[in-house]
Structure formats: C-alpha cells, structure tokens
Amino acid sequence: MIPEQYKHIDILTDDMEKEVKYLEKVVPNEALNNAIINKKYDMAHLLLEVMSKKEINFKKLFGLAILSNDVDFVYLISSFTKISNFDCQLFFENAIKNNNLDIIQFFDKSGFNISVNVDEWLEMSSEFSSQAAISYFLKRGANTHYNKCSSIKRSIIKHRFESTKILFESGCTCECIEDDVVCAGYNTNNVNFIGLMVLNNCDLNVNNGFPLINACVNGRNEVSEFMLKMGASPYVANSRPLKSAINTRKASLVKLILSYSKKLHYGYEDGLFNACKKNEYEIVCLLLKHNDKVTINKLQLMEVFKEGNIKIIELILICNLMQYEPLKEMFELAVEMKYDNIVKILLKNTNNIDLGNSKIFLNACKNGYDDIVEIFINSANSKLNKSFVENGVALSIQNNRIKIIDKLVERSVSIRKNSVSILNSDCTDSDIDVMNLLKKEGHDVGVDINSTFKIACLNKNGVVVKKLISHGIDLEDTTNSSILTDYISRNYQDSSKESLDNKKY
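Encoded structure:
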C-alpha cells in the first residue's frame, strides 16, 4: 500500500512504493540529491512535493541539476524556488563548458543578465568549443574583436574547427591574429582545419615557412602534401622542408617535396650527403634522379666509403666521378674492404693516380684478394709495371696465395729467383701447392723435394706426405721408398698402441 501522506501526489505509482518506504528511512536531502544524480525525475519531483522547504538545500540541489546537464531538472528545481536567490555565475559557466544551449537559454529567460558580460561568455565558449553557445552569444551582440580577438585565437590554438569557422564567418580576420597563433593553428594533422585557415588568408609561409617545416619534421605526409597544394613553399628557410624530410628517413616525404621543386634546393649537396650517411639508398636515388649533376665533395665521399653501403657508394661514384678524380685513399679503402665493383669503377675513372707506386695492389696480393688482383691486371688504367707485378708475385708466394700466383703465372709474369727462396724443406701443404704450381710453369723453386719428403715423414706431417705423393714424388727411389715404409710402420705402431691404451680405460 502507498503511505497515506503520499496518496495526493498523482505521479506516484505502485512501482515506487518500495522506494518511498526506503526513502522514509534515509536523510531526506540525501535522498533528493541521489534522485537528481541518478536522473530519477519522478522521484525528485515526489520528494520536492512532500519535503519541507526548510529542509531542502536548494542551492546545492540546483548545482547538482546544472552538473547533470539536464534542463528538465533545472526547470524542476526552479519551479520550487527563485534562482535569483543564488549567485548563478558559476552555474552559467558550467552550462557554457558543456555547450548546453537549453540551460543557457533557461538562465536568459529567468532574468540572469547575460548582456553585461556577453563578450566574456563568447571568449569562454571559444575556449571550450561550445559552438551552440558561440552562436547564441553572437546573436546577443557579443563583439568578436573583444580582448584583441581573443575568442578566435583561443579557438585556433585548440584547433576547434566549428568554433573557428563560426568566428571567421562572424567577422574575425587573420589581421588580428599573431604569427605564433597562426603557427600553432597549423600544427595539426587535421587538413580540414588547415584548409579553413588558408581560406581565411592565414599565411601558410608564416615565420619563415614554419608550418611546412614542422609538418616535415614530424613526418606528416598528408599534411605536407596538402600544404604544398595550398601554396606552401618548399624552398623556405634555405630548403629546410627537404632537409627535414631527409632526416625523417621517409622516402615518400622526400619524393613529395621534390615533386613540388622546380629549381635546385639550397644545400642540396648536404642533403645528399646526409642521406648517404644514413644509408638511405632510396632517398639517395630520388635526390640523384631529381638532379644528376649534384655532387658531394671528396671528403664527404670518403665518409660515405667508411659507412660501407656498397649500393650507395656505387651509385654516388657513377654519378660523381666525372666531376673529379677519385682519391688514392678511396682505392685503399675499396681494396681493404674487398669492394670488387667499386675498384672497377675507380679504375675506370682514374687517369692520374700512379697505382704502381702505391701499396694497393701489393696489399691485394698479400691478402689474397684474387678478384681485385685480376681487376688491376686487366685494367688499362692501373699502370702496373713489370717490376711492380713481380713484387706482387713475391708477396703472393710468401703468403701462399695460390689463386693469385696462378692468375699471374698464366700471364707469363716472370718470377724472381729470390721470390721462392723463402720456401724450404720444412714447409706446409700450402707451400707444396705453390712449389708444384711454379714447377709446372717451368720455374726453379730452389727446393729439394726429396729432402722435403724426408722431413715431412720424420715430422709425421701426413698432409704434406700425401700431397707430395699425389704430386708424383719418385717412390721408386730406394731412399724415398724406405722413408715411406718407415713412416707407415711408425704411424701404424703408434696408432695401435693408442688403441690398446684406450681399451685399458
């Protein structure tokens, strides 16, 4: 049953009976507050009807109604009290922040004097992008130029599209907006907002092209492309947009900037060098394709060599070697790093370096870089004289570079007697290969093969023994035959003994 004291309220239903009984047990103000917070309109109405007006804290209740952002509750509370009893400014500001036009209109109709501070209300609406509130205050006579056009400045800094659009349409112009505010407005990913500013004559090249530079620094392809289409210059600040795009390592962004570039950028060479240093092959290709006459200096090219990106080095050399002669140090690095193709390019494009007096070829012989040695031998520009090649052969022999020796002797290069003097009877299997190669070509190696065989057997150097046998040492010679028999006997006994020793364990 519904309690007797509530029966006269027509909004009370049977479904509310349990809640009414519960509310009789709680503090009335707390119950009323909860009804508003939980947006139980009928319950709030019921409690306002039955509670003593002295028990109700209407100011707090009205504040809760404003915070609920529900105009129905605002009207409900105001029907039981006069809002003129309160300081409504804070309540009104909250309605602006929430862009609640209904509550704003409620205050206007209820005697709250909006006109006194309407310019300030417009400024606040711009801060919070309250489009409905902005339009309302403009209709009520707000001045868009109040406080040095602060309304549109705040809206631009916050990138509020609708608010900014309304304010521009209401008479605001770019003349009243400082450059730093324009820069802040252009610092966004929203191309629609950027377009709005451009259409309202906000300088896109403001502060020495900051908007485009900033977009490139942050790798914003879509924004950068939109700005370029709208008239941003790619040449501002000594071509900073291109340099910034290169630093982002985004080839697509570099390609975009170049596509809007009809003339050579300032510092183009430095941009190319930076791309090389960062090992950005695709960007290097784009830069050279855009202008194949651009070059980097010799010192920069040496830095590129040290980075070791072969594809980039080849590309730079092919495009740049007609500009100047390669450095001797480039050859040395190319040989040291075994860059065969680069050595070919360098040799093809040099006429002045006397390689015959350098250590480049000798280092290749010594270290066994047979492909590079062959490149030098075959190149018409290598200027290798007979004496120099003989030195290379000597180094190859000393370091057992069998492939290089083979390449050189094939070309009937003479071999000095003292070149093979380092070979002796106590040699390795590699030495045997060298000796046999030289003997095959008719060179006197100055070594007694029989003595070499004897020492190898005594030293149990099976590799050398097998190699000498495979190369046809005379085993019909009684001395060699006896040495070999003794070698086999001793090796067999030693291996048998080792096998027996292993079984003991």
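Start counting the sequence shown at 6; every next residue gets the next number (the numbering used here). Note that CB positions come from ideal geometry on N, CA and C, so glycine has one too. Everything numeric in this text was worked out from a predicted model, so none of it was measured.
- From the listed residues S456, K316 and G224, the smallest Cα separation to L261 is found for G224.
- For G313, there is no enclosing alpha helix (DSSP H), as DSSP marks it with neither H nor E.
- Taking all protein chains shown into account, K59 has fewer than 16 neighbouring C-beta atoms within 10 Å of its C-beta and is therefore exposed.
- The three-state secondary structure of T86, taken from DSSP, is coil.
- By alpha-carbon distance to C462, the top candidate from S494, K64 and A70 is S494.
- Excluding its 5 nearest sequence neighbours in each direction, F78 has C-beta neighbours in its own chain below 6 Å: I41 and A70, listed in chain order.
- Around the beta carbon of G467, fewer than 16 other beta carbons sit within 10 angstroms, so the residue counts as exposed.
- DSSP, read as helix, strand or coil, puts H270 in coil.
- Just so you know, the alpha carbons of M56 and I139 end up roughly 39 Å apart.
- Where T169 is concerned, the enclosing alpha helix (DSSP H) starts and stops at F166 to E174.
- Annotated three-state conformation of A138 is helix, per DSSP.
- Linking C188 to S155 through their CA atoms gives a straight-line distance of about 16 Å.
- For the options S264, L209, R165 and S456, the alpha carbon positioned closest to that of V241 is the one of L209.
- In this structure, the beta-carbon distance from H270 to S244 falls below 8 Å.
- Between K282 and E319, the beta carbon gap of about 16 Å keeps them out of contact (Cβ cut-off 8 Å).
- If you draw a straight line from the Cα of H50 to the Cα of L81, it is about 7 Å long.
- The three-state reading of DSSP puts S115 in coil, since its state is none of H, G, I, E or B.
- For E312, the closest C-alpha among the options A237, S73, A280 and C179 is that of A280.
- For V340, same chain residues with a beta-carbon under 7 Å away, outside a window of 5 residues either side, are V348, I365, N368, A369, Y374 and I377 in chain order.
- Assignment of L480 by DSSP, reduced to helix, strand and coil, places it in the coil class.
- Rounded to the nearest whole angstrom, the CA to CA distance from L143 to Y151 is 12 Å.
- In the DSSP assignment, F91 falls outside any alpha helix (DSSP H) and carries neither an H nor an E.
- Scanning its chain for C-beta atoms nearer than 6 Å, with the 5 sequence neighbours on each side dropped, one finds around I488 the residues K459 and C462, in chain order.
- The alpha-carbon separation between E125 and D113 amounts to approximately 15 Å.
- For D47, the uninterrupted alpha helix (DSSP H) segment begins and ends at Y46 to V55.
- In the same chain as K102, and ignoring 5 residues on each side of it, the C-beta atoms closer than 6 Å to its own belong to F133, in chain order.
- Distance from the CA atom of E183 to the CA atom of I161, rounded to whole angstroms, is 11 Å.
- In this structure, L277 sits near V289, with a CB-CB distance shorter than 8 Å.
- Here DSSP, grouped into helix, strand and coil, assigns Y265 to coil.
- The distance from the Cβ of I323 to that of Y286 is about 13 Å, inconsistent with a contact at the 8 Å cut-off.
- Ranking G68, D275, G397 and N104 by CA distance to the CA of Q305 puts D275 first.
- Between F63 and V76, the alpha-carbon positions lie close to 16 Å from each other.
- Inter-residue distance for G116 and S89 is about 8 Å (C-alpha atoms, whole angstroms).
- By the C-beta density criterion, G397 is buried, having at least 16 other C-beta atoms within 10 angstroms.
- For E227, the enclosing alpha helix (DSSP H) stretches over residues N226 to K234.
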